[in-house]
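Please read the structure below before turning to the comments.
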Amino acid sequence: MADSKTETKSREVNAQLKSGKRKQAGSGKDNARLMHHLLAQMIRIRRLEEKSYELYTREKIRGFLHLYDGQEAVAVGVMEVLEREDAVIAAYREHGQALAKGVSMNSIMAEMYGKTTGCSGGRGGSMHLYDKETNFFGGSAIVANGLPMAVGLAQAYKMQKRSSLACCFFGDGAVGEGEFHESMNLASLWELPVLFVCENNLYSMGMPFELAEAETDLLKKAASYRVEGERVDGMDVTAVLEAARKAVDYIRSESKPWFLECQTYRFRAHSMFDPERYRDKSEVKEWKKRDPIKMFSERLMDEGLLDEKQLADIESQAQQEVEESVGYAEESSDEPIETLSRYVYSDMKNSE
Ligand SMILES: Cc1ncc(C[n+]2csc(CCOP(=O)(O)OP(=O)(O)O)c2C)c(N)n1
Ligand SMILES: [Mg+2]
Numbered sequence: 016m017a018d019s020k021t022e023t024k025s026r027e028v029n030a031q032l033k034s035g036k037r038k039q040a041g042s043g044k045d046n047a048r049l050m051h052h053l054l055a056q057m058i059r060i061r062r063l064e065e066k067s068y069e070l071y072t073r074e075k076i077r078g079f080l081h082l083y084d085g086q087e088a089v090a091v092g093v094m095e096v097l098e099r100e101d102a103v104i105a106a107y108r109e110h111g112q113a114l115a116k117g118v119s120m121n122s123i124m125a126e127m128y129g130k131t132t133g134c135s136g137g138r139g140g141s142m143h144l145y146d147k148e149t150n151f152f153g154g155s156a157i158v159a160n161g162l163p164m165a166v167g168l169a170q171a172y173k174m175q176k177r178s179s180l181a182c183c184f185f186g187d188g189a190v191g192e193g194e195f196h197e198s199m200n201l202a203s204l205w206e207l208p209v210l211f212v213c214e215n216n217l218y219s220m221g222m223p224f225e226l227a228e229a230e231t232d233l234l235k236k237a238a239s240y241r242v243e244g245e246r247v248d249g250m251d252v253t254a255v256l257e258a259a260r261k262a263v264d265y266i267r268s269e270s271k272p273w274f275l276e277c278q279t280y281r282f283r284a285h286s287m288f289d290p291e292r293y294r295d296k297s298e299v300k301e302w303k304k305r306d307p308i309k310m311f312s313e314r315l316m317d318e319g320l321l322d323e324k325q326l327a328d329i330e331s332q333a334q335q336e337v338e339e340s341v342g343y344a345e346e347s348s349d350e351p352i353e354t355l356s357r358y359v360y361s362d363m364k365n366s367e
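Taking this note's numbering, the leading residue of the sequence shown gets 16, the next gets one more, and so forth.
Okay, structure coming up:
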């Protein structure tokens, strides 16, 4: 997997911060580095999504495409407190989670192009990103599919006496599925290290959250399975980070699941085929005032932790990384016809 400069840098920052995490409050320099890192991660995701939108309209990316603009603070805040060995399971709006977990932008872009260098060998596309190296277990098109997978992974880790946890991202729409309830119940009953992260963006396709759920207090649902949890402003990256840190500390020390509801909003349509008749443009405009990237960069500037030049550098690095990933995907090869059915039908000759 090819690494860009930005990724290598973010991995270094991550490792340094992780080794001295508890010292952050005492060191202004470390704190500023962490803040820049969080901002850079969100900007990388936003620029990737903008480019994906453009490439889709040019038919370079085909199939389904669900973009994450507006929700970046959730993936970035949560991922910051996870270790590389922790598993992450996501749904189909998962480019941001994959990127924040450390999957290279090159391999994500190549996957969306359907090229062999893609993280799933070009066979999954946008909704099925998978990367063994970073323990990113997908990417799934089936709503709520990731929850039982997270429970299974956590059970395996527990049986293997490993300290890793399984973190599962899902939308408010998943809460109405049986798998949500079965997974919460078993994770609690078997005391499994699962971090359930519900990204409540108020809609599941065109269905408003309050028209779908009789009980809209999700913490009550979690509590009914004796799962502890918290609700957090999902547009505020440091609030998400702190809530995730509390959650992860609890999971690792108690070996029990935790439910984190992040209240957020998607700025774009559900997918590329959505006329958005279910919500008012004024509502989207209102939420955009709380754009997590805009709010955070303004806050850092107010606090003297960021200047125009630093912001421009972060922007241009992200832009460069995106352009490089497009070049990488363009130059990568398609699956040759001869191997097209590999992994589709059993191949006795190759498996011997
Ligand atoms: C089991 C299942 N039922 C229905 C669908 C169709 N579907 C695709 S996305 C979606 C909405 C899910 O919304 P949510 O979980 O809130 O995620 P968001 O799109 O808001 O990120 C639905 C119903 C599906 N993919 N899988
Ligand atoms: Mg939703």
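All C-beta atoms in this analysis are idealised placements derived from N, C-alpha and C, irrespective of residue type, glycine included.
Alpha carbon to alpha carbon, how far is residue i from residue j?
i, j, result
"residue 247", "residue 104", "20 Å"
"residue 132", "residue 226", "42 Å"
"residue 128", "residue 108", "16 Å"
"residue 71", "residue 98", "33 Å"
"residue 303", "residue 82", "15 Å"
"residue 214", "residue 275", "9 Å"
"residue 34", "residue 91", "Here the model assigns residue 34 a pLDDT of 49, short of 50, so the residue's position is not dependable, and the following value carries that caveat. Cα to Cα, residue 34 sits roughly 18 Å from residue 91."
"residue 312", "residue 323", "10 Å"
"residue 53", "residue 252", "8 Å"
"residue 259", "residue 332", "27 Å"
"residue 352", "residue 75", "20 Å"
"residue 49", "residue 310", "16 Å"
"residue 200", "residue 235", "13 Å"
"residue 265", "residue 206", "12 Å"
"residue 80", "residue 44", "39 Å"
"residue 355", "residue 243", "47 Å"
"residue 305", "residue 68", "22 Å"
Would the beta-carbon of residue i be found less than 6 Å away from any heavy atom of ligand 2?
i, result
"residue 160", "no"
"residue 219", "yes"
Can residue i be considered in contact with ligand 1, in the sense that its beta carbon sits closer than 6 Å to one or more heavy atoms?
i, result
"residue 216", "yes"
"residue 188", "yes"
"residue 108", "yes"
"residue 60", "no"
"residue 164", "no"
"residue 157", "yes"
For residue i, which of helix, strand or coil comes out of DSSP?
i, result
"residue 35", "Below a pLDDT of 50, predicted positions are generally treated as unreliable, and residue 35, at 44, falls in that range; no measurement from the model is reported."
"residue 124", "helix"
"residue 245", "strand"
"residue 219", "strand"
"residue 84", "coil"
"residue 109", "coil"
"residue 362", "coil"
"residue 332", "helix"
"residue 146", "strand"
"residue 276", "strand"
"residue 91", "helix"
"residue 79", "coil"
"residue 209", "strand"
"residue 46", "helix"
"residue 341", "helix"
"residue 250", "coil"
"residue 296", "helix"
"residue 233", "helix"
What does a CB cutoff of less than 8 Å around residue i pick up in its chain, not counting 5 residues either side in sequence?
i, result
"residue 261", "245"
"residue 84", "61, 64, 65, 281, 282 and 283"
"residue 176", "none"
"residue 191", "219, 227 and 228"
"residue 270", "173, 206, 207 and 208"
Short of 6 Å in beta carbon distance, which residues of its chain neighbour residue i, apart from the five on each side in sequence? Order them along the chain.
i, result
"residue 183", "104, 161, 162, 165 and 211"
"residue 151", "103, 113, 116 and 118"
"residue 285", "220"
Quick one: what's residue i bridged to in DSSP?
i, result
"residue 60", "DSSP output for residue 60 lists no bridge partner at all."
"residue 186", "214"
"residue 104", "183"
"residue 195", "Bridge partners of residue 195: none, in fact."
"residue 151", "103 and 146"
Leaving out the 5 sequence neighbours to the left and right, which residues in its chain are closer than 7 Å to residue i when beta-carbon positions are compared?
i, result
"residue 255", "88, 89, 92, 93, 247, 249 and 277"
"residue 219", "186, 187, 188 and 227"
"residue 350", "131 and 137"
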